[in-house]
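Colleague:
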Amino acid sequence: MSASVAQLKHEGSQRQVVVAGAVAGLVSRFVIAPLDVIKIRLQLQIHSLSEPSSYRNLNGPVYKGTLGTLKRILHEEGLTGLWKGNIPAELLYLTYGSVQFSAYTSISHLLETIPPPYELPSSAASFISGAAAGAAATTVTYPLDLLRTRFAAQGNDRVYTSILASVRSIAQHEGPTGFFRGLGAGVSQIVPYMGLFFASYEQLKPIMANYPLLLPHGSSDAVAGIVASVLSKTAVYPLDTTRKRLQVQGPHRARYVHRNIPTYTGVLMTLNHIWKHEGRRGMYRGLTVSLLKAAPASAVTMWTYEQVMGLMLAYDEEHKGD
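Numbers given in our numbering equal positions in the sequence shown, counted from 1, plus 1.
(1) Whole angstroms is fine: what's the gap from residue 113's alpha carbon to residue 262's?
(2) Within 10 Å of its beta-carbon, does residue 276 have 16 or more other beta-carbons around it, so buried, or fewer, so exposed?
(3) When DSSP labels each residue in this structure, what does residue 246 get in the three-state scheme?
(4) Counting along the chain, where does the alpha helix (DSSP H) carrying residue 131 start and finish?
(5) Give every residue of the same chain whose Cβ lies closer than 6 Å to the Cβ of residue 77, excluding the five residues on either side of it in the sequence, and list them in chain order.
(6) Can you say whether residue 162 is buried or exposed, counting buried as having 16 or more other CB atoms within 10 angstroms of its CB?
(7) Just how far apart, CA to CA, sit residue 144 and residue 138?
(8) Can you give the Cα-Cα distance for residue 63 and residue 281, rounded to whole angstroms?
(9) Does the segment 190-203 come into contact with the segment 226-239, if we say contact requires no fewer than three beta-carbon pairs (one atom in each stretch) closer than 8 Å?
(10) Within a Cβ cutoff of 6 Å, which residues of the same chain sit near residue 86, ignoring the five residues on either side of it in sequence?
(11) Which class does residue 73 belong to by DSSP, given the choice of helix, strand or coil?
(12) How close, in whole Å, do the beta carbons of residue 93 and residue 142 come, if the pair is a contact with beta carbons under 8 Å?
(13) Grab me the residues of residue 242's own chain with a C-beta within less than 8 Å of its C-beta, minus the 5 sequence neighbours each way, in chain order.
(14) Excluding the 5 residues preceding and the 5 following residue 179 in the sequence, name in chain order all residues of the same chain whose CB lies nearer than 6 Å to its CB.
(15) If I measure Cβ to Cβ from residue 301 and keep anything under 7 Å in the same chain, skipping five residues before and after, which residues do I get?
(16) Smallest Cα separation from residue 303: which of 226, 270 and 252?
(17) Out of 26, 23, 69 and 17, point me to the one whose CA is closest to residue 39's CA.
(18) In three-state terms, what does DSSP make of residue 86?
(19) Leaving out five residues before and five after residue 190 in sequence, what residues of the same chain have Cβ atoms less than 7 Å from its Cβ?
(20) Rounded C-beta distance between residue 42 and residue 249? I'm assuming under 8 Å.
(21) Chain D beta carbons: is any one of them nearer than 7 Å to that of residue 269?
(22) CB residue 313 to CB residue 15, shorter than 7 Å?
(23) Count the other C-beta atoms from every protein chain shown that fall within 10 angstroms of the C-beta of residue 246, then say buried if there are 16 or more, exposed otherwise.
(24) Does the distance from the C-beta atom of residue 200 to that of residue 128 stay below 7 Å?
(25) CB residue 130 to CB residue 23, shorter than 7 Å?
(26) Where does residue 120 fall in DSSP's three states?
(27) Skipping 5 residues on each side, what residues in its chain have a beta carbon closer than 6 Å to that of residue 19?
(28) On a Cα-Cα basis, can you pick out the residue from 273, 318, 82 and 66 that is closest to residue 158?
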């Protein structure tokens with residue numbers, strides 16, 4: 002498939018959009034699961050090895066860099082440690098992909114109905130559609146995101162023994178709002194992220210498509226997705242760290258692999274605390290692995306979405322007369 006994101010709005014039925022989005026999310030999650038666990042561990046760490054006076058007697062691991070974190074998890078928790086939280090994460094990505102692409106196409110169609118001379122420029126329409134789709138998908142799937150973070154944050158001392166046990170525990174000790182800790186940071190992050198991502202992707206994809214010899218077999222879609230994702234992810238990363246810190250608040254905060262996570266009560270308070278006590282390093286801890294994760298995730302997502310959509314459209318075309 003070589004159609005642009007804007008053209009995707011006119012391809013396929015709503016069911017096909019949902020299926021393609023779900024498959025894309027599922028595949029991308031499987032690919033980047035270990036990097037996601039490493040990123041979460043780094044984001045929840047309030048000190049690094051370069052701050053020796055700060056991490057003594059923390060009663061928990063201190064990770065240094067992506068490879069150092071990978072080695073330590075493998076040594077202390079085994080290979081399965083890199084896939085902690087994978088079940089809620091798979092459900093998250095499966096649902097998120099469906100909601101995101103479905104909302105994006107629906108909102109795009111709605112914006113196209115705006116009559117002249119009030120119609121929006123293509124880039125503005127893509128930004129609004131992407132931001133709104135991201136906010137909707139984030140809100141709908143947020144409890145799964147929270148469960149993913151909490152499972153990835155627990156070491157050999159298991160806070161929750163199963164998904165069902167975690168749901169029961171949160172409902173009993175934290176109430177319904179416990180499933181949405183940090184939602185404000187999540188929405189605040191995803192709105193500019195998805196808006197910037199889709200707007201950048203729309204602009205980059207036709208440019209990349211002009212180099213078929215360098216980027217054959219649909220790889221231009223993947224490259225455009227990588228560049229757009231890196232730019233967007235870096236811009237909003239402090240909010241992602243804030244979301245992770247808020248997600249592990251609650252009665253079991255001191256039982257996660259990092260046992261010294263401070264108490265936070267809101268987005269602004271968390272941002273201020275991290276900046277005051279950890280500085281810029283704290284805001285961007287784990288950014289390297291986050292970018293390593295974001296690049297293949299977005300590339301696989303966009304490439305898989307367009308390939309699955311292409312297969313379904315081709316199937317419909319072949320069986321049109323049946």
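Here a beta-carbon is modelled for each residue, glycine too, at the ideal position from N, C-alpha and C.
Modeller: Looking at the coordinates:
(1) The residue you call residue 113 lines up with position 112 of the sequence shown. The residue you call residue 262 lines up with position 261 of the sequence shown. Using only the alpha carbons, I get a separation of about 47 Å.
(2) On the sequence shown, residue 276 is found 275 positions in, with the first residue counted as 1. Residue 276 comes out exposed.
(3) In the sequence shown, the residue the question calls residue 246 occupies position 245. Reduced to three states, the DSSP call for residue 246 is helix.
(4) Taking the sequence shown and counting its residues from 1, one reaches residue 131 at position 130. 123-154 is the extent of the alpha helix (DSSP H) around residue 131.
(5) Translated into the one-based positions of the sequence shown, residue 77 becomes position 76. The answer is none, since no qualifying residue turns up.
(6) Taking the first residue of the sequence shown as position 1, residue 162 is located at position 161. Exposed, since its Cβ has fewer than 16 Cβ neighbours within 10 Å.
(7) As a first step, residue 144 must be located in the sequence shown, where it is residue number 143. As a first step, residue 138 must be located in the sequence shown, where it is residue number 137. Rounded to the nearest angstrom, the two C-alpha atoms are 11 Å apart.
(8) Position 62 of the sequence shown, counted from the start, is the residue given in the question as residue 63. Position 280 of the sequence shown, counted from the start, is the residue given in the question as residue 281. Taking the straight line from one Cα to the other gives about 18 Å.
(9) yes
(10) Locating residue 86 in the sequence shown gives position 85, counting from the first residue. Same-chain partners within the cutoff: 149, 152 and 153.
(11) The count along the sequence shown starts at 1 and reaches residue 73 at position 72. Helix, per DSSP.
(12) Working through the sequence shown from its first residue, we reach residue 93 at position 92. Working through the sequence shown from its first residue, we reach residue 142 at position 141. Rounded, the Cβ-Cβ distance is 5 Å, consistent with contact.
(13) By one-based count along the sequence shown, residue 242 stands at place 241. Answer for residue 242: 44, 275, 283, 284, 285, 286 and 287, listed in chain order.
(14) Along the sequence shown, read from residue 1 onward, the residue named residue 179 stands at position 178. If we look at residue 179 and ignore the five residues flanking it on each side, its Cβ neighbours are 171.
(15) If you number the sequence shown from 1, residue 301 lands on position 300. Cβ within range, chain order: 28, 29 and 32.
(16) Translated into the one-based positions of the sequence shown, residue 303 becomes position 302. With distances taken between Cα atoms, residue 303 lies closest to 226.
(17) On the sequence shown, position 38 is the one that residue 39 refers to. Checked all of 26, 23, 69 and 17; the closest Cα to residue 39 is 69.
(18) Start at 1 with the first residue of the sequence shown, and residue 86 comes out as number 85. Reduced to three states, the DSSP call for residue 86 is coil.
(19) Locating residue 190 in the sequence shown gives position 189, counting from the first residue. Contacts found: 237, 240, 241 and 244.
(20) Residue numbering aside, residue 42 sits at position 41 when the sequence shown is read from its first letter. Residue numbering aside, residue 249 sits at position 248 when the sequence shown is read from its first letter. So it is not a contact: roughly 11 Å between Cβ atoms.
(21) The chain labelled as chain D is not found in the depicted structure, where only one protein chain is given.
(22) The residue you call residue 313 lines up with position 312 of the sequence shown. The residue you call residue 15 lines up with position 14 of the sequence shown. Going by C-beta atoms, residue 313 is not nearer than 7 Å to residue 15.
(23) Counting from 1 along the sequence shown, the entry for residue 246 is found at position 245. When all chains shown are included, residue 246 counts as buried.
(24) The residue given as residue 200 occupies position 199 in the sequence shown. The residue given as residue 128 occupies position 127 in the sequence shown. Contact flag set, yes.
(25) Taking the sequence shown and counting its residues from 1, the one referred to as residue 130 is at position 129. Taking the sequence shown and counting its residues from 1, the one referred to as residue 23 is at position 22. Contact flag unset, no.
(26) One-based indexing of the sequence shown puts residue 120 at position 119. Correct three-state label for residue 120: coil.
(27) Taking the first residue of the sequence shown as 1, we reach residue 19 at position 18. Answer for residue 19: 99 and 103, listed in chain order.
(28) Counted from its first residue, the sequence shown places residue 158 at position 157. Taking only the C-alpha atoms, the option nearest residue 158 is 82.
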